[in-house]
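Take a look at the structure below.
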Amino acid sequence: MIAEDGVLFREGLVRLFEGAGVEVVAAVGDAEALLAAVEADPPDVAIVDVRMPPGYGTEGLVVAQRLRQGFPDLGLLVLSHHVEAREAVQLIGDDARGVGYLLKDRVSNVLELVDAVERVAAGGVAIDPDVVVRLLGRQPVRGPVATLSGREREVLALMAEGHSNQAICQRLHLSSRTVESHVRGIFAGLGLPATGAEHRRVLAVLTYLRS
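Numbering (UniProt numbering), first residue to last: 1 to 211.
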């Protein structure tokens, strides 16, 4: 489902997703309409703009928070020109799984957007690096993240963007063994329990965002 007040952009998204083989079950123009549509027939993923009618404030994020509480298995992808740090952190809450936040003007191609939707639908994370930077603000790194090496923090930042180990290898021009070693170092440095690797990645991202 798509919630976007700009009719041209909304219809453009519908055509892009349908052309990529993604079924769009509803496309609405305001946050309350999205809430009603999800309650009537929950989709796999809801894409939400931030500033929507009637007030063009943070209605989209407010409804996204309500959906996250009422439909914990629903993937939520915020797609906006704006970063609202406080509401974004509230949306992520204690579990970043199934949440994404992308900036419209930084989505470079359809496949990138479809990949983010698929990741969020599968319970993964898709956060634009600019969003991460703005969430962190200008505060110094604190807590256990400060104990990590510079390279480990670099790897962790890419994990926060939703990259797999293989994608991190390509971005940093490192071997898979080296990246795996850095990831293990991150888990150890952050004191994360020996649960599933994907769950620990999410916990690591949460720790990073709160640092």
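Where is the CB? At the ideal position from N, CA and C, for every residue including glycine.
Shown here for Arg119: same chain residues with a beta carbon closer than 6 Å to its own, the five before and five after excluded, namely Ala126 and Gly162 in chain order. Sixteen is the threshold: since fewer than 16 other Cβ atoms of the shown chains lie within 10 Å of the Cβ of Tyr56, the residue is exposed. Within the DSSP bridge table, the entry for Ala33 names no partner. Between the segment 80-92 and the segment 32-40, the count of C-beta pairs closer than 8 Å stays below three; the two stretches do not touch.
The beta carbon of Val24 sits closer than 7 Å to the beta carbons of Ile2, Val14, Phe17 and Glu18 from its chain, once the five residues preceding and following it are set aside; these are given in chain order. Secondary structure at Leu102: strand, using DSSP grouped into helix, strand and coil. Looking from the CA of Ala20, the closest CA among Arg151, Glu11 and Val110 belongs to Val110. Shown here, Leu76 sits in a strand according to DSSP, grouped into three states.
The straight-line gap separating the alpha-carbon atoms of Phe9 and Gln166 is approximately 33 Å. Judged by DSSP in its simplified three-state form, Ala20 adopts coil rather than helix or strand. By alpha-carbon distance to Gly123, the top candidate from Phe71, Glu152 and Val89 is Phe71.
Taking Val155 as the centre and dropping the five residues before and after it, the same chain places the C-beta of Ile168, Leu172, Val179, His182, Val183 and Ile186 closer than 8 Å to its C-beta, in chain order.
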